[in-house]
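Before any comments, here is the structure.
Number of protein chains: 4
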Amino acid sequence: MKKYDPLEDGISSVELIRVSGSDLDIANAARVSYGKISYELSEKDKKLVSFLMMHDHTSPFEHNQLSFRIKCPMFVARQWMRHRMHSYNEISYRYAQAPIEFYTPKKWRYQHQINHQASEGEFENIEVKRKYQESIDLAVKTYQEMLESGICRELARGVLPVCIYTQFIFTTNLHALTHFLKLRLSEGAQWEIRQFAQAILEMATEYFPASLQAWAEKNSINITKSVD
Amino acid sequence: MKKYDPLEDGISSVELIRVSGSDLDIANAARVSYGKISYELSEKDKKLVSFLMMHDHTSPFEHNQLSFRIKCPMFVARQWMRHRMHSYNEISYRYAQAPIEFYTPKKWRYQHQINHQASEGEFENIEVKRKYQESIDLAVKTYQEMLESGICRELARGVLPVCIYTQFIFTTNLHALTHFLKLRLSEGAQWEIRQFAQAILEMATEYFPASLQAWAEKNSINITKSVD
Amino acid sequence: MKKYDPLEDGISSVELIRVSGSDLDIANAARVSYGKISYELSEKDKKLVSFLMMHDHTSPFEHNQLSFRIKCPMFVARQWMRHRMHSYNEISYRYAQAPIEFYTPKKWRYQHQINHQASEGEFENIEVKRKYQESIDLAVKTYQEMLESGICRELARGVLPVCIYTQFIFTTNLHALTHFLKLRLSEGAQWEIRQFAQAILEMATEYFPASLQAWAEKNSINITKSVD
Amino acid sequence: MKKYDPLEDGISSVELIRVSGSDLDIANAARVSYGKISYELSEKDKKLVSFLMMHDHTSPFEHNQLSFRIKCPMFVARQWMRHRMHSYNEISYRYAQAPIEFYTPKKWRYQHQINHQASEGEFENIEVKRKYQESIDLAVKTYQEMLESGICRELARGVLPVCIYTQFIFTTNLHALTHFLKLRLSEGAQWEIRQFAQAILEMATEYFPASLQAWAEKNSINITKSVD
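Residue numbers (numbering that gives the first Met the number 0), protein chains in the order written: chain A, 0 to 227; chain B, 0 to 227; chain C, 0 to 227; chain D, 0 to 227.
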């Protein structure tokens, strides 16, 4: 299956590893209500799926599953895992030695002047980039020296910066996923996690086009255009 | 896929309509912790899956999905849907006219002498069976007369007995499913729902043999022998 | 605490048995984001709570709890317990003998001509009422005869109609509760459960006025006027 | 209410900010099953609560709530928030400037020789401590320089190490809490989070003594003795 690099740094990735169910299954789940079943996705089925999405009939969207393998900065993973309706298995830096992979923004962003939680604009600053890298380099060096002196991984990782990359499996269904996407594609979300959400939306839409096109329309979201 | 008739009355049914994932995916979900992946289920993988199950490492068992179509008496459905970690879509007797299908036990059971919540023994009683049927018949007749007089389905169904059959889609993952099975295969569960749980266990084991054999062993449950 | 009789038949009831937290706690939960705490609910706090509600910042609304004792017809309980984000403990008719308490609508409603799932209008029909009662009476008589013949409660209750009353404890938080209220106060919900939802909204608003007034405004819902 | 400093560094803290419900409410929730209510906690009630806990009747333990204010290292918070059955509100370093508070272990621990995920023993190493501190110091300096150059907080925090302190509100009920405690008091859990779990167990036991003493006995856990 396809693999995306949402942060375009050659490290980040989103990979769809397994899908179960389809728009047809969603229509059939809804039709249980009146005891009918359909074997091929008709125009009528698509209209039903669209109607269900538009009117917040969420339960039929739970009988399907998408499983993704994600590689993202730890601060993105922290935002992600606040969503409790999904399943996660993450690499453990108690168990495995941390890789020397960190996220460095291509451009810096300014603190937003009004919204305390947001950023705006973008600019370059070579000097800051150098310092950012030096700070990471010292953290890595310290981490390795701690390991060499026999200190356990679970304590040594304490010096590693939160821009370090982590990996996890993310498993969800369309109901839970659209909730995640709504929050993480919104303007209020940090730019980095929005890139992941956008990649996921594009990948999922291939498998559930009627559902996600209706959802995107309802929420005025463009499926293919970058949210940037 | 296979279809079971757990109550052996020609009405009840359990049908597995979709499965996603396998024992191998469970092993791989666990291995994310140390960043490895496997492409074929080896003996080592099976041991890992068994180890995870034995030691309550539950998260790797969530990256898979089983979807069943269930037909059961309403009192069974009521016990079932108290389990909140699954997805359900049920036929609505506000929307659809109720079918004339009711559950009649093949044998009666006595009230348990010690356990207030349980039953024991079994016996026949033709006289009681006749009265049980008469009561159902009057309920059906009344229901139909109410509908004929223009009363809405959502009120008319008020007279229908809780032994009426209902249908729903039940979607779950192995972590949530084993929790359901543990409670609903236990001696404390009502005989009727235990038959459904047993059918589900047998069906699911075909697709996740390493996981469910380890689980059955851990809980001293026999996968193929009836719980009767 | 207050007790309501939402169906006005002298049997139904909603009783608020315990509340924890307040609008102030919601403001403080939100302020954890920037490390501040408030000891008295100011106008600024109320505005914050209102802002959070209006913009779907749901997490601060989870750090509180409301616990209700509910007595309602079983078909209402079935709709209610499809909501999985709450805690329930219900009377068991495997354990306890069922009471002779059933719901009889004061007025009948017609099947809706367009919406398959709805009802409309209201009318009286003495003849139907008599038949409805006769069907219930036979069910009760049969139930009692079955118990007398030694049959266990869990099987005998099979003849009881779904308009029978049941009781349960319903525990929730404001985030989960507003989701429940939105669906069960909507026009699409059955009239009976809407009466319960309305009673709960009124009771909860006494304890969380800023939160629920903002919520009601957002959803164009009148807190005190009956939804009838 | 009491405040603990589980890591004994003058920075970490666990504070119980609100409790609702009691052992009596748990007994009453269970008694809904047979329609009874009790107004004072009797010896019989305590036995009932103990019985429920011993036999995994979990639902009565959900009708109560405990709310804690936690201050812990970020790597502890990451382990904590993998538990999805609780409510959280955490300080945001997108919104607020990060404090200069970091966790430094009093003693180092060795990597465990057999268990890849664990540590063992303890030792001092002044040289390592100095390097650990230097790495943190450079991260803080870089963070501050980035902010001074106008870079937004959400990107600047990328250099901060995962031993940084964070704060959050943690709200739960006894059912969900005992699940958390079982995993986070176990030998397999990292020493740091075990100190928090132990503090929470002690605090909660004051309010739910019958429940948590039964739970501790069942799981062979000592409520007051440190897990160290």
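We treat Cβ as the ideally placed atom computed from N, Cα and C, and that holds for glycine.
Under 7 Å between C-beta atoms of residue i and residue j
| i | j | result |
| --- | --- | --- |
| His178/A | Ser86/B | no |
| Val127/D | Thr141/D | no |
| Lys2/D | Ser11/D | no |
| Ala155/A | Tyr33/B | no |
| Cys71/A | Phe195/A | yes |
| Ile69/C | Phe167/C | yes |
| Val161/A | Val75/D | no |
| Leu65/B | Ala215/B | no |
| Phe67/D | Leu15/D | yes |
| Tyr109/A | Gly149/D | yes |
| Ser118/B | Cys151/C | yes |
Run of the alpha helix (DSSP H) containing residue i, from where it starts to where it stops
| i | result |
| --- | --- |
| Gln132/B | Ile125 to Glu147 |
| Phe74/A | Met73 to Trp79 |
| Thr177/A | Leu173 to Arg183 |
| Ser210/C | Pro208 to Lys217 |
| Ser49/B | Glu42 to Met53 |
| Ile16/C | Taken as a continuous stretch (DSSP letters only), Ile16/C belongs to no alpha helix (DSSP H), being part of the beta strand (DSSP E) at Ser12 to Ser19. |
Alpha-carbon spacing of residue i relative to residue j, whole angstroms
| i | j | result |
| --- | --- | --- |
| Arg17/C | Ile25/C | 17 Å |
| Glu153/B | Gln116/C | 8 Å |
| Glu123/A | Thr103/A | 12 Å |
| Gln112/C | Gly120/C | 11 Å |
| Asn172/C | Ile220/C | 19 Å |
| Met145/D | Phe101/D | 19 Å |
| Ala28/B | Glu147/D | 42 Å |
| Ile222/B | Glu191/B | 17 Å |
| Tyr164/A | Leu182/B | 40 Å |
| Ile36/B | Arg30/B | 7 Å |
| Glu89/B | Lys43/C | 45 Å |
| Ser41/C | Leu211/C | 17 Å |
| Lys105/C | Ile125/C | 11 Å |
Contact with chain D by residue i, beta-carbon distance below 7 Å
| i | result |
| --- | --- |
| Ile192/C | no |
| Arg108/A | yes |
| Gln143/C | no |
| His174/A | no |
| Arg17/C | yes |
| Ala203/C | no |
| Lys128/A | no |
Any chain B beta carbon closer than 7 Å to residue i
| i | result |
| --- | --- |
| Glu61/A | yes |
| Thr171/A | no |
Interface flag, residue i vs chain A, CB-CB below 7 Å
| i | result |
| --- | --- |
| Val226/B | Bear in mind that a pLDDT of 41 at Val226/B, under 50, signals an unreliable position, so the number given afterwards is only what the model happens to contain. No, Val226/B lies away from the interface with chain A (no Cβ there is under 7 Å from its Cβ). |
| Asn88/B | yes |
| Trp79/D | no |
| Tyr164/B | no |
| Ile125/D | no |
| Gln116/D | yes |
Same chain, Cβ closer than 7 Å to residue i, five either side skipped, listed in chain order
| i | result |
| --- | --- |
| Ser225/C | With a pLDDT of only 49 at Ser225/C, under the threshold of 50, the placement of this residue in the model should not be trusted; the figure read from the coordinates follows. Same-chain partners within the cutoff: Gln197. |
| Ala209/C | Asp22, Lys45, Val48 and Ser49 |
| Thr57/A | His174 |
| Met53/D | Ala213 and Lys217 |
| Leu176/D | Leu65 and Ala203 |
| Ser19/C | Asn63 and Gln64 |
| Phe169/C | Phe67, Ile69, His85 and Tyr87 |
Below-7 Å beta-carbon distance, residue i vs any chain C residue
| i | result |
| --- | --- |
| Ser32/D | yes |
| Tyr38/B | no |
| Ser148/B | yes |
Cβ neighbours of residue i in the same chain (closer than 8 Å, five flanking residues each side left out)
| i | result |
| --- | --- |
| Glu39/A | Leu23 |
| Gln132/B | Thr103 |
| Ala188/D | Gln78, Leu182 and Ala196 |
Where the beta strand (DSSP E) through residue i begins and ends
| i | result |
| --- | --- |
| Arg108/B | Trp107 to Gln110 |
| Glu89/B | Ser86 to Glu89 |
| Glu121/C | Ser118 to Phe122 |
Below-7 Å beta-carbon distance, residue i vs any chain G residue
| i | result |
| --- | --- |
| Ser134/B | Of the protein chains in the structure, A, B, C and D, none is chain G. |
Contacting residues, own chain, Cβ-Cβ under 6 Å from residue i (five flanking each side not counted)
| i | result |
| --- | --- |
| Gln78/B | Ile192 |
| Met73/B | Val161, Ile163 and Thr165 |
| Pro59/D | Ile25, Ala28, Ala29 and Leu51 |
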